[in-house]
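So the protein lines, in turn, are chains B and R.
Sequential numbering of the first sequence, starting at 1, is according to our numbering.
Sequential numbering of the second sequence, starting at 1001, is according to our numbering.
In this text, a Cβ means the ideal position worked out from N, Cα and C, and glycines have one as well.
Before any comments, here is the structure.
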Amino acid sequence: AAGVIQSPRHLIKEKRETATLKCYPIPRHDTVYWYQQGPGQDPQFLISFYEKMQSDKGSIPDRFSAQQFSDYHSELNMSSLELGDSALYFCASSSRELAGGGQFFGPGTRLTVL
Amino acid sequence: ILNVEQSPQSLHVQEGDSTNFTCSFPSSNFYALHWYRWETAKSPEALFVMTLNGDEKKKGRISATLNTKEGYSYLYIKGSQPEDSATYLCAFRNYGGSQGNLIFGKGTKLSVKP
C-alpha cells in the first residue's frame, strides 16, 4: 500500500542557510500535517493544511513557512536555520472521510544544522 | 493548556509477560484518541483510533480501551515479545482543535527481554 513519502530523508545544512522539506501524502488524502521532534523530545505540531489551505498552526517559528500544492503535496520552507532546528521532521496525512481522522506518518526527514 | 500524560515513562518486561500502560487526556470536548507504535529510526505506526466511550480495539496481542468520561485509555500487550519493544505514543484530539491537530503524550518506552 502507498505510504506517506518524505524527501529528503537526511539533510545537513549550516547556520543561516535555508532548507526545503517535501511531503507527498497517501493518494486521496486531503490533509497534511507537519511535526517536529527534537532530540529526546516529544513531537510538536507545526502546521497543517486541508485542501491546499492552512487549517491549523502550532509552534511553527516565523522563519518557517509551508504550503500545500494542487497535487496535495506539501513543502516546509525553513530559513535562517539555527542549531536548535536540528530535529526529525515528520509529515502525516489523513482523509476527512476516515473515522476519527487517523493520521499516517511518513518516515521523517532528519535535519542537522551545523 | 491541553496535556496528555502517559505512564509509566518506561517499562522493562520479560518475554511472555503481559503488560499495560496508561494515557490520560482532557475529558472535555473529546473527539478521538490515537495510539501509535514508534520504533527507533522508523516513523510512527498507527495502531488504533478510538472515538466512543467504552471502545475496545484489538490487533493481535495488543488491545486498547477508552474511557472518555474520566479521560483515560489503556493499552494492553498480552504475552510480550522482543519485537514489541518500541515507544507507544498516544495522541488526543478535541473538538476545539482543527482537523487533525493531535496533542501527543511523551510515550511509554517498552523493552521486552528475551
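Quick one: is residue 33 of chain B near chain R, going by C-beta distance under 9 Å?
For residue 33 of chain B, the nearest CB of chain R lies under 9 Å from its own CB, placing it at the interface with that chain.
Which whole-angstrom value describes the C-beta separation of residue 83 of chain B and residue 13 of chain B, a residue pair presumed to lie in contact below a C-beta threshold of 8 Å?
Contact between residue 83 of chain B and residue 13 of chain B does not hold, since the beta-carbon distance rounds to 11 Å and is not under 8 Å.
Using 8 Å for Cβ pairs, my map puts residue 959 of chain R next to residue 1027 of chain R. What's the rounded Cβ distance?
Because residue 959 of chain R is not part of the residues shown, which for chain R are 1001 to 1114, the question remains open.
Determine, for residue 1069 of chain R, whether the minimum Cβ-Cβ distance to residues of chain B falls below 9 Å.
No, its Cβ sits nowhere closer than 9 Å to a Cβ of chain B.
Nearer than 8 Å: is that true of the beta carbon of residue 1055 of chain R relative to any heavy atom of the ligand GDP?
With respect to the ligand GDP, the structure shown offers nothing to examine, as it has no ligands at all.
Using a Cβ cut-off of 9 Å (strictly closer), state whether residue 1030 of chain R contacts chain B.
Answer no: the Cβ-Cβ gap between residue 1030 of chain R and chain B never drops below 9 Å.
Host beta strand (DSSP E) of residue 1034 of chain R (start-end):
Note, residue 1034 of chain R: beta strand (DSSP E), 1030 to 1038.
Report the start-end ranges of each alpha helix (DSSP H) in the stretch 1059 to 1112 of chain R that is 4 residues or longer and not cut off at the edges.
Correct list: empty.
Can the beta-carbon of residue 37 of chain B be found closer than 9 Å to that of residue 88 of chain B?
Residue 37 of chain B places its beta carbon less than 9 Å from that of residue 88 of chain B.
Determine the direct distance from the alpha carbon of residue 45 of chain B to that of residue 1102 of chain R, and round the result to whole angstroms.
Residue 1102 of chain R and residue 45 of chain B have their C-alpha atoms roughly 7 Å apart.
Closest by CA to residue 23 of chain B, which one among B:32, B:50 and B:11?
From the listed residues B:32, B:50 and B:11, the smallest Cα separation to residue 23 of chain B is found for B:32.
Is DSSP giving residue 85 of chain B helix, strand or coil here?
Residue state for residue 85 of chain B is assigned as helix, using DSSP reduced to three classes.
If you measure between the beta carbons of residue 1025 of chain R and residue 1053 of chain R, is that distance less than 9 Å?
Residue 1053 of chain R is positioned such that its CB atom lies no closer than 9 Å to that of residue 1025 of chain R.
For residue 1003 of chain R, which of helix, strand or coil comes out of DSSP?
Judged by DSSP in its simplified three-state form, residue 1003 of chain R adopts coil rather than helix or strand.
Rank B:8, B:2, B:43 and B:57 by C-alpha distance to the C-alpha of residue 110 of chain B and give the top, closest one.
That would be B:8, whose Cα lies nearest to the Cα of residue 110 of chain B.
Name the DSSP beta bridge partners of residue 47 of chain B, please?
When DSSP reads this structure, residue 47 of chain B sits in a beta bridge with B:34 and B:57.
Cα separation between residue 85 of chain B and residue 47 of chain B?
Distance between the alpha carbons of residue 85 of chain B and residue 47 of chain B is about 15 Å.
How about residue 1079 of chain R: is its C-beta nearer than 9 Å to some C-beta of chain B?
Chain B, which has no Cβ nearer than 9 Å to the Cβ of residue 1079 of chain R, makes this no.
What does DSSP give as the partner residues of residue 1022 of chain R in its beta bridges?
Beta-bridge pairing links residue 1022 of chain R to R:1007 and R:1074.
Would the beta-carbon of residue 1076 of chain R fall within 9 Å of that of residue 1063 of chain R?
Cβ distance < 9 Å, so residue 1076 of chain R and residue 1063 of chain R count as in contact.
Please report the straight-line C-alpha distance between residue 1037 of chain R and residue 1044 of chain R, rounded to a whole angstrom.
If you draw a straight line from the Cα of residue 1037 of chain R to the Cα of residue 1044 of chain R, it is about 6 Å long.
C-beta neighbour in chain B for residue 1010 of chain R, strict 9 Å:
False, the Cβ-Cβ gap to chain B never drops below 9 Å.
Give me the Cα-Cα distance between residue 50 of chain B and residue 1061 of chain R, rounded to the nearest whole angstrom.
Between residue 50 of chain B and residue 1061 of chain R, the C-alpha separation is close to 35 Å.
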